[in-house]
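Quick note, the sequence shown lines up with residues 0 to 300 if you use numbering that gives the first Met the number 0. First comes the structure, then the notes that go with it.
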Amino acid sequence: MVLPARVPDLSALDVVVSVARSGSMSAAAREQNLSQQAISSRVHAVERELGVVLFRRSPSGTELTTEGVAVLEWAAGLLDAAEKFSAGVESLLGTKRASLTVAASMTIAEYLIPSWALGLRRLYPEARIRVRPMNSADVAREVLSGTVDLGFVEGPDVDSRLDNLTVGHDELVVITRPEHPWAAGARAITTEELARTPLVQREPGSGTRVTFEDAFGEVADPLLELTSVAAVKAAVLSSDAPAVLSSLSVTPELADGRLVQISVTGVRMPRTLRAVWNRNGGLRGPAGDLVQLATQDGPQR
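Take a look at the structure:
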């Protein structure tokens, strides 16, 4: 098989994902341990190779374009496949250093695990720590199959075959752009209004989607389904559509006014964040220490 021409360098693609997740070139530079100039250069290289503009600058940061939202969706799958490939090669080589592979739901993977993993590296400086973002349903499957050592999920239920421990709490909130009619005035919307409105949604199986549908029962078909938090936010910022997301994931945008939280009469959507592991294997070494760090630092009500 000959590789298609429009396949960017994976490290540059990872930089694109960092910029989308963090919302700025400078934040991505800190995350990647690169200069801001290097981040900008890699983003432009991907844009040239793909022939599309991925980001637009705004006074409050860097936002994905419509094309960027689509590329981000595809990039996540490509980078996940690369991580699996790397892990497989290491297993063939019989690498002896400590390693930990973690599957985590998107909100936890993007907004909580980075700080937990840095804490773990201080305990295990030579350890190889891999984090694979996916929805909560897929996390449970990966842990049960033994593909990963540990999982983190959000949502109301945990597979009965898994042991689990609560590491924190968050809450789903309704968000829109300030220009949306719901943001004009101080009144709260009704549950009926929200339920009949097509939203930008996470995909089926995500903790966000499950919690929302459990709270509201029958709801309108999604306007758009996306598999990452960053893509949902980008879609809301570039359209008139509302969305329901974790309060953890929209704190910067609410603070700088790019997004507005909408009150809903008579309903709240709290969630429990849990570590999950295969009860046959237990928790040992880096996995146990990561759970302890998460329990100490996880968000509380």
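We treat Cβ as the ideally placed atom computed from N, Cα and C, and that holds for glycine. In this text the structure is predicted, and so the values were computed from the model without any measurement.
Backbone secondary structure at residue i - three-state DSSP
| i | result |
| --- | --- |
| GLU170 | strand |
| PRO269 | strand |
| ALA219 | coil |
| LEU282 | coil |
| ASP240 | Residue identity check: residue 240 is Ala in the sequence provided, not Asp. In this structure, ALA240 counts as coil in the three-state DSSP scheme. |
| ARG257 | coil |
| LEU149 | strand |
| GLU20 | Before going on, a small fix: residue 20 reads as Arg here, not Glu. The answer is helix: DSSP assigns ARG20 an H, G or I state. |
| PRO132 | strand |
| LEU111 | coil |
| ALA103 | strand |
| ASP162 | strand |
Rounded separation between residue i and residue j - CA only
| i | j | result |
| --- | --- | --- |
| GLY280 | LEU143 | 10 Å |
| LEU193 | PRO124 | 48 Å |
| GLY265 | THR271 | 20 Å |
| PHE211 | ILE261 | 15 Å |
| SER227 | ALA182 | 24 Å |
| PHE54 | ARG160 | 43 Å |
| ALA240 | LYS83 | 35 Å |
| GLU191 | LEU223 | 20 Å |
| VAL334 | ALA44 | In this structure the chain extends from 0 to 300, so residue 334 is not present and cannot be described. |
| LYS232 | VAL243 | 10 Å |
Identity of the residues DSSP links to residue i by a beta bridge
| i | result |
| --- | --- |
| VAL98 | According to the sequence shown, residue 98 is Ser rather than Val. ARG127, per the DSSP bridge assignment. |
| LEU63 | PHE54 |
| SER248 | Partner(s): none; SER248 has no beta bridge. |
Any non-hydrogen atom of the ligand FAD closer than 7 Å to residue i Cβ
| i | result |
| --- | --- |
| LEU122 | The model depicted lacks the ligand FAD and carries no ligand whatsoever. |
Beta-carbon proximity check, residue i vs residue j, cutoff 8 Å
| i | j | result |
| --- | --- | --- |
| LEU78 | VAL16 | yes |
| ARG195 | VAL235 | no |
| GLY150 | VAL138 | yes |
| VAL68 | VAL152 | no |
| GLY204 | ALA136 | yes |
| SER246 | GLU170 | yes |
| LEU292 | GLY118 | yes |
| LEU9 | ALA81 | yes |
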